[in-house]
Each structure stands twice: as C-alpha cells, then as structure tokens.
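*Asks:*
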Amino acid sequence: MRIDFPDDNIFLVEKNARDHETWIMLFDGASNELGHGIGVVLISPEGKVFPLTAKLCFECTHNFAEYEACIMGLQVACDMSVKKLKVLGDSMSVIHQVKEEWETRHAKLVPYRQYVTKLSQNFEKISFDHVPREDNRMTNALATLAVMFDLNLEFELHPIQITKRDVPAYCMNVGNDNKP
Numbered sequence: 554m555r556i557d558f559p560d561d562n563i564f565l566v567e568k569n570a571r572d573h574e575t576w577i578m579l580f581d582g583a584s585n586e587l588g589h590g591i592g593v594v595l596i597s598p599e600g601k602v603f604p605l606t607a608k609l610c611f612e613c614t615h616n617f618a619e620y621e622a623c624i625m626g627l628q629v630a631c632d633m634s635v636k637k638l639k640v641l642g643d644s645m646s647v648i649h650q651v652k653e654e655w656e657t658r659h660a661k662l663v664p665y666r667q668y669v670t671k672l673s674q675n676f677e678k679i680s681f682d683h684v685p686r687e688d689n690r691m692t693n694a695l696a697t698l699a700v701m702f703d704l705n706l707e708f709e710l711h712p713i714q715i716t717k718r719d720v721p722a723y724c725m726n727v728g729n730d731n732k733p
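Residue numbering for the sequence shown follows this note's numbering, beginning at 554 and increasing consecutively.
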C-alpha cells in the first residue's frame, strides 16, 4: 500500500508558526460623571479581533484609566503568549511617558509607567505609538460601554456580538407571492 503525501517536500511543520508575527493592541480609558472604564482591542496577525472592557470600581483620573487600559491589554497579550506587539493609544501622555520621551511628573503615575515597562519585557519585540482619537473609536466605545453598566456579578454576561447589516430589516422579510 502506498500513501501519497501532497506536501512531501515539507520536512518540518513548526507548531504555531504564526506565533512570531506582530499583533496589534489598541487601548483607551474613559472617565465621566458615571465612573471610569477601559477598553482594549487585540488584533491577531490573521485579523481576528479580541475586544476587552472593564469597569474601574475605584476613583481615578483619566490618565490613570489610560494606564489601566494599557496594562490590561499587555497582561492579556502575555496570557495569550504574544511575542511581538504593536501598542497603539490615543493618550499622548501615556505613549510618550512609556517611551521615556516625556517625564512622568505625577508621583502616582510612576508605578504605572514602571509596571508597563516590566510587562513589556515579556515580549520579544514591542513598540508604542500614538494614534489619533478617530482611529481609536472601538476602544473608546468599549471603555464608554463599561462606564454605562452598573455591573451585577451575580449573573454571567455573555459576549456582545457586533455585526454589519447592509440592507434594512424590512427588505429581508420579502416573500414569494408567485406574482410577476
């Protein structure tokens, strides 16, 4: 009996061959009179999107919320064994402080910056870049969504599915009446 292998020229298949490609992480924090929330979007090299959000149940400033969002994203990326990461955020202060281009003057923000630096050591390659707010809308929406909910941890919240509809619902309800 002869077994044909279509890929007989392949001698080794690397497990998780795409592990070393660059992921993208976007982050944002939101603070308003209702509270504080954070949003993160991780995007795999294949384009799979992982949205994350959390409500901050403690008092903080907007810059604290931005750092909390960045840290949550880095922690999740570490948990997912991401090796290369491009971090994008619309907070000029967080991005420039992490890159050590700006001084971190607020004493309570120094431990945040130090923790981001420590988490960054878990990656083979990591970069931090600023993006305009209009290019960071999804994370802003997630952070704002977290603020809007008064979370009750007694029930399980299932993931939110976001889809795209190209035609109005009433157009999809057209049936066949056997008339021309």
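Glycine residues also receive a C-beta, built at the ideal position from the N, C-alpha and C atoms. Given the structure is predicted, the values throughout are model-derived calculations rather than measurements.
Quick one: what does DSSP say PHE681 is sitting in, helix, strand or coil?
*Replies:* Note: PHE681 maps to strand in three-state DSSP.
*Asks:* Any idea if GLY600 is buried or exposed, counting beta-carbon neighbours within 10 angstroms, 16 or more meaning buried?
*Replies:* Classification of GLY600: exposed, given that the 10 Å Cβ count is below 16.
*Asks:* Bridge partners of ILE596, per DSSP?
*Replies:* ILE577, VAL602.
*Asks:* Would VAL663 be called buried (16 or more neighbouring beta carbons within 10 Å of its own) or exposed?
*Replies:* Burial call: exposed.
*Asks:* Looking at the unbroken beta strand (DSSP E) that takes in LEU587, where does it start and where does it end?
*Replies:* Premise fails: LEU587 is in no beta strand (DSSP E) and is neither H nor E.
*Asks:* Which of helix, strand or coil does DSSP assign to PHE564?
*Replies:* With a pLDDT of 42 at PHE564, under the threshold of 50, the predicted position of this residue should be treated as unreliable, though the coordinate-derived value follows. Reduced to three states, the DSSP call for PHE564 is coil.
*Asks:* For my contact list, PRO604 and THR575 are in at a C-beta cut-off of 8 Å; report their separation, rounded to the angstrom.
*Replies:* The Cβ separation is near 19 Å, so there is no contact.
*Asks:* Mind checking which residues open and close the beta strand (DSSP E) that includes LEU695?
*Replies:* Unbroken run through LEU695 is the alpha helix (DSSP H), 690 to 701; no beta strand (DSSP E).
*Asks:* If you draw a straight line from the alpha carbon of ARG718 to that of MET701, how long is it in whole angstroms?
*Replies:* Taking the straight line from one Cα to the other gives about 25 Å.
*Asks:* Please classify LYS717: does DSSP put it in a helix, a strand, or coil?
*Replies:* Looking at LYS717 - three-state DSSP - the assignment turns out to be coil, as it is neither helix nor strand.
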